[in-house]
Amino acid sequence: MIEINKVSKWYGSFQVLTDCTTQIAKGEVVVVCGPSGSGKSTLIKCVNGLEPIQQGNIAVNGTAINDPKTDLPKLRARVGMVFQHFELFPHMSIIKNLSIGQVKVLGRSEDEAHAKGMKLLERVGLKAHANKYPGEMSGGQQQRVAIARALSMDPICMLFDEPTSALDPEMINEVLDVMVELAHEGMTMMVVTHEMGFARKVANRVVFMDQGKIVEDAAKEEFFGQPRSERAQQFLSKILHH
Amino acid sequence: MFSNFDFGVIPLSLPFIWQGLLYSLKLTATAMTGGIILGTLLALARLSGGVVLGTISTFYVNTLRSIPLLMVILWFFFLIPIFTGSPMGAEKSAMITFTLFEAAFYAEIMRAGIQSVSRGQINAGYAIGMTYWQTMGHVILPQAFRNMLPVLLTQTIILFQDTSLVYAIGAKDLLKAAEITGKNYNRPVEMYIFSAVVYFAICFSLSMLVKHLNKRIAIIR
Ligand SMILES: Nc1ncnc2c1ncn2[C@@H]1O[C@H](COP(=O)(O)OP(=O)(O)OP(=O)(O)O)[C@@H](O)[C@H]1O
Ligand SMILES: [Mg+2]
């Protein structure tokens, strides 16, 4: 579903990504972790072309992201993305947040989009909040809406960039629960997170990044059992004893 | 001293003054609408990162912001007939001049407004498949506009005051109407005072509105 092949990226003369290679098969859940500044956000943003790459190639569902002929907006419409800071549209009501993409990008009718939006709100347990504005909701609620917004586009895969790291601890689980449910339904997911509980529960593989390189790319059991690299071992012991 | 004044001239001159005020308001509304639209395009061009568009926009904005408005009004009025061969009415000429001039100021306000919206919002628009123009139109510009509303309005108050400069090319605005009636009835001082009061009343109410908006925006944030 997602193929990342020998990807390198520079910001000016600073190399953020070096020769990154990994694949995510349909229905697979891959957790990406690593220390701050290691390039996790950059890598995940390259997957739907929010950041350009200078070397290598990335394909989603067989479509090359870095091919100038690719209709990027069309491809992105099918790749759901959830951000660390939610990024709901603050000037729109919750239901409008869920319908705008359906109407403007997919060309659905207002009624159809509204109905689908309400169904998704129900699913994330926020049906009663449809007419509120993002600013009136807690972080956990906003992030659930953000997941619903991504789902409103009927994505073929989902990208998450630290979806719970900006949340108060008591709200983390309500968001993780939605993600676990998605994973169980067979959604293809690439998740940047340090929630190792989530990784143990649903991940198929764990990718560990350090200084722009993929240092470890292993099955979950292998990663948590005995990571090969010393950096990953140190990192794991640090966050597990936190 | 006020015993020499005869404010009885005001009711007599009202219909004519009203016509002048209408033109001043129309000029303000046109220059505001056109200026904000053109200014927003200039701001987008400047922020686009494109070398050609960025340079043109920056040059336009910086140049117009460095020339006195009165000179632009005069130039435009006297130069256009040289190029087109036929004079353009003072009223129409002023409308175009003000729109082009104010665009430079609105451009800077909109640029600050666009930059006040977080980069993540652009990514959020793109991530659900929106194009550049959709993202700007539905996500970024509404927020930029809302954040900058008090500043845009303040600029519009200044614009309304500046419309009195069209007096220099003989367009019949509020000030010109006051001058003409003042001459006709031989009561120039009374009429200048009256027009000042009208300018004041309008600008003062608008600035009260700005104050109110500032408070409301502080609450939303
Ligand atoms: N727009 C940019 N311009 C220049 N450098 C950047 C830019 N964005 C990120 N970087 C740098 O690239 C490196 C990787 O950043 P990135 O955000 O991908 O890291 P991360 O692994 O997501 O870290 P975190 O855990 O803090 O989110 C960092 O050193 C960062 O400073
Ligand atoms: Mg990050």
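In order, the protein sequences belong to chains B and Y.
If you count the first sequence from 1, position 174 lands on 223 in my numbering, and the numbers rise without skipping.
If you count the second sequence from 1, position 2 lands on 9 in my numbering, and the numbers rise without skipping.
Idealized CB from N, CA, C, for every residue including glycine.
Source: prediction; values computed, not measured.
Residue i and residue j closer than 8 Å at C-beta
i                : j                : result
Thr112 (chain B) : Lys58 (chain B)  : no
Lys55 (chain B)  : Thr70 (chain B)  : yes
Gln168 (chain Y) : Pro139 (chain B) : no
Gly189 (chain B) : Leu216 (chain B) : yes
Thr292 (chain B) : Leu225 (chain B) : Since the first residue of chain B shown is 50 and the last is 291, residue 292 (chain B) is not available in this structure.
Val146 (chain Y) : Gly127 (chain Y) : no
Val65 (chain B)  : Gly88 (chain B)  : yes
Leu7 (chain Y)   : Leu213 (chain Y) : The displayed coordinates of chain Y run from 8 to 228. Any statement about residue 7 (chain Y) would go beyond what the structure contains.
Ser201 (chain B) : Leu231 (chain B) : no
Thr106 (chain Y) : Ala36 (chain Y)  : no
Ile263 (chain B) : Val255 (chain B) : no
Gly166 (chain B) : Ile196 (chain B) : no
Leu172 (chain Y) : Ile87 (chain Y)  : no
Phe272 (chain B) : Glu279 (chain B) : no
Thr187 (chain B) : Met220 (chain B) : Per the sequence shown, the amino acid found at residue 187 (chain B) is Ser instead of Thr. Cβ distance < 8 Å, so Ser187 (chain B) and Met220 (chain B) count as in contact.
Val80 (chain B)  : Ala252 (chain B) : yes
Ser20 (chain Y)  : Thr188 (chain Y) : yes
Phe112 (chain Y) : Gln162 (chain Y) : yes
Met239 (chain B) : Ile73 (chain B)  : yes
Val158 (chain Y) : Ala114 (chain Y) : no
Arg249 (chain B) : Glu223 (chain B) : no
Ser6 (chain B)   : Lys181 (chain B) : The requested residue 6 (chain B) does not occur in the structure, where chain B is confined to residues 50 to 291.
Phe108 (chain Y) : Leu71 (chain Y)  : yes
Environment of residue i [buried if 16+ CB atoms lie within 10 Å]
i                : result
Leu51 (chain Y)  : buried
Gln122 (chain Y) : exposed
Gln191 (chain B) : buried
Pro117 (chain B) : exposed
Gly56 (chain Y)  : exposed
Ile135 (chain Y) : buried
Ile89 (chain Y)  : exposed
Asp13 (chain Y)  : exposed
Lys75 (chain B)  : exposed
Val58 (chain Y)  : exposed
Gly246 (chain B) : exposed
Phe36 (chain B)  : In the structure displayed, chain B extends from 50 to 291; residue 36 (chain B) sits before or after that span and is not available.
Ala164 (chain B) : exposed
Arg194 (chain Y) : buried
Beta-carbon separation (whole angstroms), residue i vs residue j, contact threshold 8 Å
i                : j                : result
Asn130 (chain Y) : Glu136 (chain B) : 7 Å
Ala110 (chain Y) : Gly42 (chain Y)  : 5 Å
Glu52 (chain B)  : Ala108 (chain B) : 5 Å
Gln133 (chain B) : Glu211 (chain B) : 4 Å
Phe201 (chain Y) : Ile17 (chain Y)  : 5 Å
Ser64 (chain Y)  : Phe83 (chain Y)  : Not quite, the Cβ-Cβ distance comes to about 20 Å (not below 8 Å), so this is no contact.
Thr47 (chain Y)  : Met117 (chain Y) : 5 Å
Leu77 (chain Y)  : Ala175 (chain Y) : 6 Å
In chain order, which continuous runs of the alpha helix (DSSP H) of length 4 or greater are located wholly inside the segment 27-115 of chain Y? With a minimum length of 4 residues, the continuous alpha helix (DSSP H) runs that stay inside the segment 27-115 of chain Y are 58-72 and 76-91.
Listed in chain order, which residues of the segment 105-128 of chain Y have Cβ atoms closer than 7 Å to some Cβ of chain B? Gly127 and Gln128
Scan the segment 131-153 of chain Y for residues whose Cβ lies nearer than 7 Å to a Cβ of chain C and list them as they occur along the chain. Reference to chain C is not applicable here, since the protein chains of this structure are B and Y.
Using a Cβ-Cβ cut-off of less than 9 Å, list which residues of the segment 132-145 of chain B approach chain Y; keep chain order. Phe132, Gln133, His134, Phe135, Glu136, Leu137, Phe138, Pro139, His140 and Met141
Chain-ordered residues of the segment 146-160 of chain B with a beta carbon less than 7 Å from chain Y: Ile149, Gly150, Lys153 and Val154
Below 7 Å between beta carbons is the criterion; list the residues of the segment 90-104 of chain B that meet it against any residue of chain Y, in chain order. Asn97 and Leu99
Those runs of the beta strand (DSSP E) which lie wholly inside the segment 153-216 of chain B and span at least 3 residues: With a minimum length of 3 residues, the continuous beta strand (DSSP E) runs that stay inside the segment 153-216 of chain B are 206-210.
Report the residues of the segment 117-133 of chain B with a CB closer than 7 Å to any CB of chain Y, ordered along the chain. Pro122, Lys123, Arg125, Ala126, Met130 and Phe132
As an exercise, report each continuous beta strand (DSSP E) stretch of at least 3 residues that is fully enclosed by the segment 55-130 of chain B, in chain order. Under the rule that a run must span 3 or more residues, the beta strand (DSSP E) segments found entirely inside the segment 55-130 of chain B read 63-73, 78-82 and 104-109.
Using a Cβ-Cβ cut-off of less than 9 Å, give me the residues of the segment 196-220 of chain B that come near chain Y, in sequence order. From the segment 196-220 of chain B, only Arg198, Ala199, Ser201, Met202 and Leu208 have a Cβ closer than 9 Å to chain Y.
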